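Take a look at the structure below.
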Amino acid sequence: MSRNRLNDLDSKTYMKFLKSWFPFETGAEASFISFFTKTLDETNHPTRIGYYPDSPVLKRAIETTGRQPVSLPDQSDEQLHYALIDLRGKEPSFFGEGDLDAIFHNLFSRLKHRAYVTLWMNCGTDMAAHRCAWDVARQTTRWFEMKDEKIGCAGMTDNDQPYLGAQGGQLVYAFNFRHTLSAPKAPASLTPPPHYPEHQWDTRLRMPLWFVLKPPPRKEKVKLHPAKYPEVLVERFIKNFSRPDDVVFDPMSGTGSTQIAAVGCHRRGYGLELNETFADIARLRLEQHNVQHVAAAVYTADAGHLEQVKGLPLRFDYVITSPPYWDMLNMKGAETQKSRKEKGLPVNYSDSETDLGNCPDYATFLQRLLRIYHKVIQRLRPGGYMTVIVKNIKKKGVIYPFAWDIVDGLSDVLEPVGINFWLQDDIRLAPYGYGNAWVSNTFHQYILTFHKPGKREV
Ligand SMILES: C[S@@+](CC[C@H](N)C(=O)[O-])C[C@H]1O[C@@H](n2cnc3c(N)ncnc32)[C@H](O)[C@@H]1O
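In case it helps, the working numbering puts the sequence shown at residues 261 to 718.
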């Protein structure tokens, strides 16, 4: 491993921090300080850490790491090496009042170039609070460049169900930014986040806010697909949001996990998949699993033209799906590409232009995906639910908040009624950016559930 210019940590502690989720405990801030700074600066003095608000807890966390705490705003002109901005417990109205603007302006001139800022916000099962946190993170990019998020999983309890490990009902966002802009992007002031409707957390969502999943190992055939989700997870959602005999649909079925899970729960499972090889595997698996001969099918088709697919039911009762991770599978040198190539497995979904995984830019990709989702939603029955399993995208050091954009992009027709975090704990950590920059391993997925207004006819 290369020399560590970022901090004073040994490689084991460094690597542990790269995981994008962590069990949140009091004092967790100290591990951020130790990761994002060295103990001493170039002149052998303790590095200086800005903090806001002036809380004894933050001050103590900085002091325990041997660094020097600097309460913000501060009028001295000494440079800062890192800053902690703790916005836990702030009401949405706070963000329009100007306090934070003053802090950011101050911090912008004081923070060393390429130093980091961590913004803390907490959320539970209130969708509006999550959206407010995302909004503040987006707005902070007027001063600093968003590098990544880590989530702190609080309120941990053990679960005795076979595939669910630890779980909990509170979450702390730690959004990490870097000071790389030469001037704030105008207008450099926060506007209060929009008043997001407070949708009731849906009582059907009998899943904890966050959970660690330990699925059984994948079988050889389905390893052909680079991004499959586990049936045990889909089954839980299918059981929560549909009834026996309902039609469950997935517009981008991959190797057919949705349909396998659906027929296993005595639901009719339908889907589309653009890639012939994956669709063939899905059909083969379905043949083997559908022992009760429930009505089910995966068609090879472009979801953008679902109205042309013959045999597809006109009404869907529940939709569960996971989109391509933009063109990330096509990225040369992407970690999955390297290891998959070595094993002789396909490295992307297809070369087709209609494959969303081949869209050249993020805006077009998002727009095309949302257009497909809107078509699907037209067929979702009133009162029905849709679940999207998705990660925010990180590409060449830039964050594209894909999960958040999907919530915004569907809110004109659906009510966001649930959010869960699926945490992965069974993948080996990769030393991205080791010793130079913060690049996390994203091991958490957003599970977003929406409700179509209206009541289900009995
Ligand atoms: C994340 S994967 C889905 C994996 C699936 N949930 C599973 O567990 O196997 C996304 C899938 O979308 C497919 N896809 C991309 N563009 C498509 C389109 N326009 N229509 C239908 N499928 C498409 C890709 O081939 C890929 O298999």
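Glycine included, each C-beta is placed from N, C-alpha and C at the ideal position.
Just so we're clear, the structure is a prediction, and the values are computed from it rather than from any experiment.
Note on Ala443: under 16 other CB atoms within 10 angstroms of its CB, so exposed under the neighbour-count rule. In this structure, Leu534 has its beta carbon less than 7 angstroms from a heavy atom of ligand 1.
Cβ contact annotation for Lys298 (same chain, cutoff 7 angstroms, sequence separation greater than five): Asn267, Asp268 and Thr307, in chain order. Fewer than three beta-carbon pairs drawn from the region 366 to 373 and the region 384 to 401 are found closer than 8 angstroms, and the two stretches are therefore not classed as touching. Beyond the five residues adjoining it in sequence on each side, Phe625 comes within less than 7 angstroms, by CB distance, of Trp586, Leu616 and Cys619 in the same chain, given in chain order.
Non-local beta-carbon contacts of Pro642 in its own chain, meaning distances under 6 angstroms to residues more than five positions away in sequence, involve Lys712 and Gly714 in chain order. Shown here, Ala393 sits in a helix according to DSSP, grouped into three states.
Distance from Pro329 to Tyr311 at the Cβ level is roughly 6 angstroms; contact confirmed, criterion being Cβ atoms closer than 8 angstroms. The beta carbon of Phe576 sits no closer than 7 angstroms to any heavy atom of ligand 1.
In the structure shown, Asp577 falls within a strand segment according to DSSP collapsed to helix, strand and coil.
Excluding residues up to 5 positions away in sequence, Phe296, Thr297, Ile309, Ala375 and Tyr376 lie with their Cβ nearer than 6 angstroms to the Cβ of Tyr342 in the same chain. Look at Leu367 here: in three-state DSSP terms it is helix. Asp359 carries a helical assignment under DSSP once its states are collapsed to helix, strand and coil. Counting along the chain, no beta strand (DSSP E) covers Thr624; the unbroken alpha helix (DSSP H) around it starts and ends at Tyr622 to Arg639.
For Phe681 against Lys279, the beta-carbon gap comes to about 13 angstroms, at or over 8 angstroms, which does not count as contact.
In this structure, the alpha-carbon of Pro313 lies about 7 angstroms from that of Ile345. Between the alpha carbons of Ala521 and Val551 lies a gap of roughly 12 angstroms. When the five nearest sequence neighbours on each side are left out, the beta carbons in the same chain lying within less than 6 angstroms of the beta carbon of Ile707 are those of Ile649, Asn680 and Trp682, in order along the chain.
Here the alpha carbon of Gly326 sits roughly 12 angstroms from the alpha carbon of Asn304. Comparing C-alpha distances from His553 to each of His565, Gly524, Ala362 and Trp380 shows the shortest one belongs to Gly524. In the DSSP secondary-structure assignment, Ala343 is bridged to Gly310 and Val377. Taking a 10 Å sphere around the C-beta of Ile687, we find fewer than 16 other C-beta atoms and assign the residue as exposed. Taking the C-beta atoms as reference points, Thr378 is found no nearer than 8 angstroms to Asn419. The beta carbon of Ala555 lies closer than 6 angstroms to those of Arg528 in the same chain, with the five residues before and after it left out. Leaving aside the five residues that flank Arg639 on each side, the residues in its chain whose CB is nearer than 7 angstroms to its CB run, in chain order, Leu574, Arg575 and Phe576.
In this structure Asp506 is in contact with Tyr578, their Cβ atoms being roughly 6 angstroms apart against a cut-off of 8 angstroms. By the criterion of a C-beta distance shorter than 6 angstroms, Gly564 is surrounded in its chain by Ile632, once the five residues flanking it on both sides are discounted. In the structure shown, Gln519 adopts helical secondary structure according to DSSP, grouped into three states. Taking C-beta atoms as the reference points, Lys474 and Gly425 count as a pair closer than 8 angstroms. Beta-bridge pairing by DSSP links Arg438 to Tyr376 and Glu405. Ser449 and Trp281 have their C-alpha atoms some 30 angstroms from each other. Leu300 is classed as exposed because its beta carbon has fewer than 16 other beta carbons within 10 Å across all chains shown. Only residues of its own chain outside the window of five on either side were considered, and among them Val677 have a CB closer than 8 angstroms to the CB of Gln460, listed in chain order. In summary, Gly571 is exposed, with fewer than 16 beta-carbon neighbours lying within 10 Å of its beta-carbon over all protein chains present. In its chain, beyond the 5 residues on either side, Thr702 and Gln705 have a beta carbon closer than 6 angstroms to the beta carbon of Lys651. Beta-bridge annotation (DSSP): Ala556 is paired with Gly529.
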